[in-house]
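Participant: Position 49 (the sequence shown) corresponds to 462 in our numbering; numbering is contiguous.
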Amino acid sequence: MSRATGASGGLLGAGAVISCPHGGRAATATASDSTVLMDGRPVVTAAHAYVVTGCPHTVDGVPEPCVSVRWTSGDTGVTAGGSPVLLDISAAECFTAAFVPQGPPVVQADRRKVTVR
Numbered sequence: 414m415s416r417a418t419g420a421s422g423g424l425l426g427a428g429a430v431i432s433c434p435h436g437g438r439a440a441t442a443t444a445s446d447s448t449v450l451m452d453g454r455p456v457v458t459a460a461h462a463y464v465v466t467g468c469p470h471t472v473d474g475v476p477e478p479c480v481s482v483r484w485t486s487g488d489t490g491v492t493a494g495g496s497p498v499l500l501d502i503s504a505a506e507c508f509t510a511a512f513v514p515q516g517p518p519v520v521q522a523d524r525r526k527v528t529v530r
């Protein structure tokens, strides 16, 4: 197993508050079967799908809301249930229904930290 050098960030748990760049709320659309828990809630992995609701973004008066978030898990070397865990520094992008990139999500991670050396 390879490990990233010096990667650190907040471990994302089910209690993390995530929004699109326009203020819509992102939430996991898939249930977690992870046995790795943080404060009694499962940690979030790259296997989870996220949906965005309530995005008010428009382009020239036409609604173009964010509807999903795609995560690109880094090589932290840490997995849960066989999938890489997500950190608040993990790369991600919000997308419209037509898969137009809208920018990275805003992550307010839980207060736990993980460091990979």
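For every residue, glycine included, the Cβ atom is placed at its ideal position computed from N, Cα and C.
1) Is the beta carbon of Val-464 closer than 9 Å to that of Pro-455?
2) Applying the criterion that 16 or more other CB atoms from any shown protein chain within 10 Å of the CB defines a buried residue, is Thr-458 buried or exposed?
3) Quick one: is Gln-521 buried, meaning 16 or more other Cβ sit within 10 Å of its Cβ, or exposed?
4) Please report how far the alpha carbon of Thr-485 lies from the alpha carbon of Leu-499, in whole angstroms.
5) What number of angstroms, rounded off, separates the C-alpha of Gly-467 from the C-alpha of Ala-504?
6) Which residues does DSSP pair with Gly-516 in a beta bridge?
7) Determine the direct distance from the alpha carbon of Thr-443 to that of Phe-508, and round the result to whole angstroms.
Facilitator: Taking the coordinates as given:
1) For the purposes of this step, residue 455 is taken as residue 42 along the sequence shown, with counting starting at 1. For the purposes of this step, residue 464 is taken as residue 51 along the sequence shown, with counting starting at 1. No, they are not a contact pair.
2) In the sequence shown, counting from the first residue as 1, residue 458 sits at position 45. Under this definition Thr-458 is a buried residue.
3) Residue numbering aside, residue 521 sits at position 108 when the sequence shown is read from its first letter. By the neighbour-count rule (16 or more Cβ atoms within 10 Å), Gln-521 is not buried but exposed.
4) As a first step, residue 485 must be located in the sequence shown, where it is residue number 72. As a first step, residue 499 must be located in the sequence shown, where it is residue number 86. Thr-485 and Leu-499: Cα-Cα distance of roughly 9 Å.
5) Position 54 of the sequence shown, counting from 1, holds the residue named residue 467. Position 91 of the sequence shown, counting from 1, holds the residue named residue 504. So the alpha carbons of these two residues sit roughly 22 Å apart.
6) Walking along the sequence shown from the start, residue 516 turns up at place 103. For Gly-516, which the question treats as bridged, DSSP gives the partners Cys-507.
7) Position 95 of the sequence shown, counting from 1, holds the residue named residue 508. Position 30 of the sequence shown, counting from 1, holds the residue named residue 443. Phe-508 and Thr-443: Cα-Cα distance of roughly 18 Å.
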